[in-house]
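Below is one structure, written out as structure tokens; comments come after it.
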Amino acid sequence: MVLEKSFAEKEQAYNPYQVAVEQLERVAEIMKLDPSIVEILKHPKRVVTVAIPVRMDDGTVRVFVGYRSQHNDALGPFKGGVRFHPNVTLDEVKALSMWMTWKCAVAGLPYGGGKGGVVVDPHKLSKAELERLSRGYFSAIANVVGPYQDIPAPDVYTDAQVMSWFMDEYSKIKGYNVFGVVTGKPVAIGGSLGRDTATARGLSFVVEEAAKKLRINLKESSVAIQGYGNAGSYTHMFLEKLGAKVVAVSDSKGGIYSAQGLSYKDVMEHKKKTGSVVGFKGAKTITNDELLTLDVDILVPAALENQITQNNAAKVKARLVVEAANGPTTPEADDILYSEGVTVIPDILANSGGVTTSYLEWVQNIQGYYWSAEKVDETLKEMMVRAFRAVWETTQKYSVDMRKGAYIYAVGRVVEAMKLRGWI
Ligand code: NAD
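The sequence shown: position 395 = 395 (UniProt numbering), numbered continuously.
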């Protein structure tokens, strides 16, 4: 009989912080980094654990545990989301804060990496309880965050409303408005135009650049997209605008395929009406596993982590895999894809349009001057193209896959800043 592994055993088997440290060590070896630098980079600069008492609607008090991990701020203030999820652990938050350091560095942002989390299932709270928890968490970490210190943002199960409460709570503590303390706010209170579509728009700029390098004619190329939420559905819209034919898309209920191509407008209308892409008229139903191994030019995983693994990597037929999702490819699958000549644009580059537009939101907040949507998009394009070219050059220089290239470039930027500042 096969017994289900206990949560603790699973945690032991997959500890995201250990994974993050191992990734760093591998890159450090290629870069021949001084071991003392690696030692510093392994540890977040500061980790805060807070207990948040919340009065529940029935009058009782529950105490929730929250974290904020600030990994490295050599390049600028810490930046990264806050997640509200029952499975949040300190090691997860520490790992995510390290990954944010690399993502911000790849994107060329003047930021370091941070991440926060509260152990809670927000779906089990009323709106008033959620507001009290959000305010409680932010006031508990208020002395370590700020527009020049650490700038949180939305992540899993936190949204623009939660950011509004964070910003309001911090402003109350300070006694004046501090819009730039968080990003991902609604446009009415300091949010940026273009934030909703930023991740997919940024990804489409990167695809355009990669297509030029790999001599892929986007107007004659076919695309499959796994996941049809914010990242996946807007990716459909932007790649269609570039002339590519999106032949397959999927969500948690399954996938659809049409050799003639799927229209973004029609699929979106169907999804709004029925709650899923499945059942779209004229398309064949396929499974998510089938979608990943379709004979297409470009594959965009835009749903969950660990989708392309050692079990299916050799069957991937796409020439280009663009990671809209975080962590969709396992390290074993990375090696297989590389040996098969498949180019993978890694998550920290491909989906960095979101954090880049967060940066543009913060820039507008501290200037007190708000840009048109066109100016936001134009600046995003400039920054994404610059990031792509830097990663591409590093990848060529070291003869590695693009994920390693992105890490080498990112770690290099952070280490240079640490050295110049005299930290090592
Ligand atoms: P979302 O919640 O809006 O959408 C997720 C989509 O994935 C949904 O369509 C859901 O049905 C689908 N899905 C869930 N399980 C699935 C399965 N087993 N097979 C196929 N599809 C499945 O989330 P999102 O914001 O689009 O984020 C998707 C991924 O992109 C995540 O990894 C996220 O971390 C990453 N990402 C998103 C952003 C952003 O700005 N939205 C930025 C950076 C990275």
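Ideal Cβ positions, reconstructed from N, Cα and C, are used throughout, including at glycine.
heavy atom of the ligand NAD below 6 Å from residue i C-beta
i	result
Y228	yes
T235	no
D251	yes
A231	yes
G279	no
N143	no
residue 425	With the chain running from 1 to 424 in the structure shown, residue 425 is simply not present.
L293	Sequence check: residue 293 is Thr here, not Leu. Checking the Cβ of T293 against the ligand NAD gives no.
N326	yes
A410	no
A303	yes
T199	yes
N15	no
N351	yes
N288	yes
Beta-bridge pairing of residue i - partner residues as DSSP gives them
i	result
P152	G80
A51	V65
K115	S69
R215	According to DSSP, which records beta bridges pairwise, R215 is partnered with nothing at all.
Y257	A248 and K284
Q226	S250 and P301
T329	I308
Straight-line Cα distance separating residue j from residue i
i	j	result
R413	T343	23 Å
K185	N365	11 Å
K32	L75	21 Å
T329	L96	16 Å
N230	V400	31 Å
A244	Y148	41 Å
N15	K219	42 Å
V182	V82	10 Å
I345	I173	42 Å
A283	G327	29 Å
G261	F238	14 Å
I286	I308	17 Å
V223	D57	48 Å
V145	T197	27 Å
K272	D266	10 Å
Y111	K253	38 Å
M98	K281	44 Å
Buried versus exposed, by CB contacts within 10 Å (16 or more), residue i
i	result
D150	buried
D73	buried
Q310	exposed
Y409	buried
V156	exposed
G422	exposed
G175	exposed
H236	buried
L349	buried
K419	exposed
K241	exposed
Y369	exposed
L214	exposed
residue 425	In the structure displayed, the chain extends from 1 to 424; residue 425 sits before or after that span and is not available.
S250	buried
Neighbourhood of residue i by C-beta distance below 6 Å, restricted to the same chain and skipping five residues each side
i	result
I336	A313 and A314
G405	V391, T394 and T395
E121	Note that residue 121 is Asp in the sequence shown here, rather than Glu. Counting only Cβ-Cβ distances below 6 Å, and skipping sequence neighbours, we find P86.
F388	V206 and E209
A28	V38
G59	none
P84	It should be pointed out that residue 84 corresponds to Phe in this sequence rather than to Pro. Here the set comprises V118, V120, P122, Y157 and T158.
R135	W165 and E169
K94	Y17, P44 and S69
T49	Y67
Contacts around residue i, its chain only, beta-carbon distance under 8 Å, and the 5 residues preceding and following it disregarded
i	result
A160	P154, G184, K185, P186 and G191
V61	P53, V54 and R55
L304	G227, A325 and P328
7 Å CB neighbourhood of residue i in its chain, flanking five on each side removed
i	result
F64	I52, V54, V118, V119, V120 and L133
R195	G184, T357 and E361
V415	L33 and I37
A259	V247
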